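So the protein lines, in turn, are chains A and B. Heads up: the first sequence begins at 917 in my numbering, then just goes up one per residue. Heads up: the second sequence begins at 917 in my numbering, then just goes up one per residue. Note that beta-carbon positions come from the ideal geometry of N, C-alpha and C, so glycine has one too. Just so you know, these numbers come straight off a predicted model, no measurement behind them.
Number of protein chains: 2
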Amino acid sequence: MVLPELKMRRDKIRVFMAQQHIDAALITCNVNLLYTCGQIISGYLYMPLHAPARIFVKRPNNITGELVHSIRKPEQIPDILIEDGLPFPQTLMLEGDELSYTEYNRLAFLFPEATVVNGTPLIRKARSVKTEIEIENFHRAGIAHAKAYGKIPSVYREGMTDSEFSIEIERLMRLEGCLGIFRIFGRNMEIFMGSVLTGDNATVPSPYDFALGGAGLDPSLPIGANGTLLEEGRSVMVDIGGNFNGYMSDMSRVYSIGRLDDKAYAAHQVCLDIQEKLIAMIKPGVNCETLYNTAIEMVTTAGFSDYFMGISQQAKFIGHGIGLEINEMPVIAPYVMQELEQGMVFALEPKIVLPGIGPVGVENSWIVTSMGVEKLTNFGEEIVDLKS
Amino acid sequence: MVLPELKMRRDKIRVFMAQQHIDAALITCNVNLLYTCGQIISGYLYMPLHAPARIFVKRPNNITGELVHSIRKPEQIPDILIEDGLPFPQTLMLEGDELSYTEYNRLAFLFPEATVVNGTPLIRKARSVKTEIEIENFHRAGIAHAKAYGKIPSVYREGMTDSEFSIEIERLMRLEGCLGIFRIFGRNMEIFMGSVLTGDNATVPSPYDFALGGAGLDPSLPIGANGTLLEEGRSVMVDIGGNFNGYMSDMSRVYSIGRLDDKAYAAHQVCLDIQEKLIAMIKPGVNCETLYNTAIEMVTTAGFSDYFMGISQQAKFIGHGIGLEINEMPVIAPYVMQELEQGMVFALEPKIVLPGIGPVGVENSWIVTSMGVEKLTNFGEEIVDLKS
């Protein structure tokens, strides 16, 4: 990672720190270290507002540099700052939504005179607008994601279950370079690589706040495929996350086993229409709630509102920022007045679940440009019959 | 899940609560809900010391029962307790090592009169001794894990890289029923399904505190396979985690591409000898440090201490408890005076890394019985030549 890029990212955070009169940040969560240091370490980035940042590293033991200090424990940090003549912060920012209660207090105690504030929202705000290098990573991810999806029909075999189909698609993604790991913000959110949903399993509510649910294969992971046979007349939605370089691309496509009932194609078209309409609206300055409300109006007019984003339990969003985690800012949801900005990257996923058939709809990843949007996951969006 | 089992698990926690004069626990982290409720929900288990536990559930919306309350937010919990005439706790336990700082404070604020303490160590202590049903889950996991490993030679192709080999093994594990998700305690620990290490990549230190490292494919996940070709004369260690029912079985086996240098077989035998010696020692009452020190003495006598558990960065443990997370209590490490107890389940993984060759050694999962130990991952432990 080139240093000017890291300096730019750190300075994006510093702008918000200055607005809130925060003297220094101590950053230690993996995705935030990846963002500010270009790699994951076991350690800390100490970033004063008006002085160069320093890295305090526990592991690995092969990282060196002028402003890199090897430590065994965070309690060594204040002494090193004193040795180097650096002032202690008056207001220190820690990752309050991400650090455990125990660890937050341990780190806050390093600077007992400082006022300690939660820096997570501020770092997430900085991360929500991507740099050119981050956007280039997303371009590469979108291409690889689409390439893997292009091979999906080749791994379908008659008589497969949803989970067997998922396993073959996971392999395609991994062979295309997907790292597999699926990073999510929020300690109670978890999924393996994504979900493959067919038939009525798509109607099953889950404990997780994803767009759709599914029973999963075991009560220990109640999300996604549950071993349902891929049967004639059912749709199957593939929503496997892409993580080809740390940046999570998001893409869903729908397949069918033979011909579906006509209303499935009608519902699918409604989702494509919603996508088309919203994408035509999106440019810097458009707010998230407006987009959400437009989608709800369209799906209501079309008569599918009871099946939109689930049935018995409906997700209350139609899109979300993506980045180093699958759920970044902003969320395209009701009451979110946040405006889109150039450089934001987001997934838009209008989906309808039809009882007796399964899920239809689409999901793509997009970048907000100066004039509108650019699609990252370029690939056909029609329902593909796996039997043809 | 049968209720007597859940009652037993909850009462195991209550015993420790009583010792520490804790009136009630509010549990909301996924693995702890899985342990106490038999399934993952988005919600809370409120567990008084001397009254039946209650479930407050946000998602999914299809869980019902006499002591189940549907809520939108945790702030509703105190009002429901008042309505039902339940006293507020004087000392409340929250999951302080697992909840974020923000969420811990939000929950603590529900009971402003209560003294709030960190319950994570206590819950982990309860979880470290498994029930018969948990042990039965581990038995099934060990069998499935060994069955998948039995197919590993069949997916080897000449000219493969470590990551291509890993992808095929991941698929074997998934087809055998592995849920894929790899749960770890500690917010900075992460890995995909496990690691496949060959040649000098096994010498590369990582930021994560696993037994071995590896550079990984990308700075965003610096662990495990890095695209190294599986070459003649190199060993390859497969350490893919098993999660077939929520319980993480742990198993490593070593393969070779053709014949290895003699010292590889000698080092491998040292690891097998260490395993044999320690397993003969293990029974309830043996402490972890004694086991660790015995291993260090043996590997030192054999002349491999500089290569034990890594080279430039050596892991300071040789085994660890396993359960709903891969790293449960106890840790078999220096200065750990904790004694093993009947019902504990652990992984033992003496491993040696040889420059120019790769890793050798073994890892199995074991249950502490009344008299000794029982092996869960029954499978040949010799180095298997993939070319033969």
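Beta carbon proximity, residue i to chain B, threshold 8 angstroms
i	result
Gly-1226 (chain A)	no
Leu-1133 (chain A)	yes
Asp-1078 (chain A)	no
Gln-1229 (chain A)	yes
Asn-1142 (chain A)	no
Phe-1108 (chain A)	yes
Ile-1083 (chain A)	yes
Pro-1121 (chain A)	yes
Leu-1176 (chain A)	no
Tyr-1223 (chain A)	no
Arg-975 (chain A)	yes
Any chain A beta carbon closer than 8 angstroms to residue i
i	result
Glu-1086 (chain B)	yes
Tyr-960 (chain B)	no
Cys-945 (chain B)	yes
Leu-1008 (chain B)	no
Tyr-1017 (chain B)	yes
Ala-1013 (chain B)	Checking the sequence, you will find Asp at residue 1013 (chain B) rather than Ala. Asp-1013 (chain B) counts as touching chain A.
Gly-954 (chain B)	yes
Arg-1056 (chain B)	no
Leu-950 (chain B)	yes
Pro-1275 (chain B)	no
Asn-1104 (chain B)	yes
Leu-1137 (chain B)	yes
Asn-1280 (chain B)	no
Extent of the continuous alpha helix (DSSP H) run through residue i
i	result
Thr-1217 (chain A)	1204-1217
Ser-1168 (chain A)	Counting along the chain, Ser-1168 (chain A) falls outside any alpha helix (DSSP H), and DSSP gives it neither H nor E.
Lys-1063 (chain B)	1048-1066
His-1184 (chain A)	1178-1197
Val-931 (chain B)	919-935
Leu-1091 (chain B)	1078-1091
Leu-1023 (chain B)	1017-1024
Beta-bridge partners of residue i, as assigned by DSSP
i	result
Lys-1291 (chain B)	B:Trp-1282
Phe-1220 (chain A)	DSSP output for Phe-1220 (chain A) lists no bridge partner at all.
Leu-1270 (chain A)	A:Gly-1274
Thr-1036 (chain A)	In DSSP, Thr-1036 (chain A) forms no bridge with anything.
Ile-943 (chain A)	A:Leu-961
Val-1151 (chain B)	The amino acid occupying residue 1151 (chain B) in the given sequence is Ser; Val does not appear at that position. Its beta-bridge partners are B:Ser-1172.
Phe-1126 (chain B)	Paired residue(s): none; Phe-1126 (chain B) is not in a bridge.
Glu-1255 (chain B)	B:Asn-1203
Phe-1160 (chain B)	Answer by DSSP bridge pairing: none, since Phe-1160 (chain B) is not bridged.
Thr-1007 (chain B)	B:Thr-1031
Asp-1301 (chain B)	B:Ser-1172
Identity of the residue in the options nearest residue i by Cα
i	options	result
Ser-1312 (chain B)	B:Arg-1056, B:Gly-959, B:Glu-1213 and B:Glu-1106	Outside the shown range of chain B, which is 917 to 1304, sits residue 1312 (chain B), and nothing can be said about it.
Ser-958 (chain A)	A:Leu-1270, A:Asn-978, A:Cys-1204 and A:Thr-1293	A:Asn-978
Cys-1187 (chain A)	A:Asn-1161, A:Gly-1162 and A:Met-1225	A:Met-1225
Pro-1200 (chain A)	A:Tyr-1171, A:Gly-1288 and A:Tyr-960	A:Gly-1288
Lys-923 (chain B)	B:Ala-969, B:Phe-932, B:Thr-944 and B:Leu-942	B:Ala-969
Gly-1174 (chain B)	B:Pro-990, B:Glu-1241, B:Arg-1073 and B:Asn-1203	B:Arg-1073
Thr-1077 (chain B)	B:Glu-1257, B:Asn-1142, B:Glu-1014 and B:Ile-938	B:Asn-1142
Phe-1027 (chain A)	A:Leu-1038, A:Gly-1035, A:Leu-1010 and A:Asn-1117	A:Leu-1010
Phe-1305 (chain A)	A:Glu-1241, A:Cys-945, A:Asn-948 and A:Met-1153	Here chain A comprises residues numbered 917 to 1304, so residue 1305 (chain A) is not present and cannot be evaluated.
Gly-1239 (chain B)	B:Leu-1207, B:Glu-1052 and B:Met-1214	B:Glu-1052
Ile-1299 (chain A)	A:Leu-1292, A:Lys-1291, A:Pro-1275 and A:Ala-1062	A:Pro-1275
Ile-1107 (chain A)	B:Met-1105, B:Arg-1099, B:Arg-1103 and B:Gly-1110	B:Arg-1099
Phe-1262 (chain A)	A:Met-1253, A:Met-1105 and A:Glu-1279	A:Glu-1279
Gly-1129 (chain B)	A:Lys-928, A:Gln-1254, A:Leu-942 and A:Arg-975	A:Arg-975
Thr-1293 (chain A)	A:Asp-927, A:Asp-1000 and A:Tyr-1065	A:Tyr-1065
Ala-967 (chain A)	A:Thr-980, A:Lys-989, A:Lys-1179 and A:Ala-940	A:Ala-940
Ile-1268 (chain B)	B:Ile-998, B:Ala-1127 and B:Leu-1015	B:Ala-1127
Residue range of the beta strand (DSSP E) that includes residue i
i	result
Phe-972 (chain A)	970-975
Val-881 (chain A)	With chain A represented from 917 up to 1304, any question about residue 881 (chain A) goes unanswered, as that position is not in the structure.
Pro-994 (chain A)	Run containing Pro-994 (chain A): none in the beta strand (DSSP E); it sits in the alpha helix (DSSP H), 993-999.
Ala-1263 (chain A)	1261-1264
Val-984 (chain A)	984-986
His-1236 (chain B)	1235-1237
Inset, instruction - Scan the stretch 977-995 of chain A for residues whose Cβ lies nearer than 7 angstroms to a Cβ of chain B and list them as they occur along the chain. - result: Asn-977 and Asn-978
Inset, instruction - Select from the stretch 1145-1167 of chain B all residues with a C-beta closer than 9 angstroms to any C-beta belonging to chain D, and list them in chain order. - result: Considering every chain present, this structure includes no chain D. Its protein chains are A and B.
Legend entry - the stretch 1089-1101 of chain B: positions lying closer than 7 angstroms to chain A by Cβ: Arg-1090, Leu-1091, Leu-1095, Gly-1096 and Ile-1097
Inset, instruction - May I ask you to list, following chain order, the residues of the stretch 1232-1255 of chain B that have a beta carbon less than 7 angstroms from some beta carbon of chain A? - result: none
Inset, instruction - Would you list, in chain order, the members of the stretch 1206-1217 of chain B that have their beta-carbon closer than 8 angstroms to a beta-carbon of chain A? - result: none
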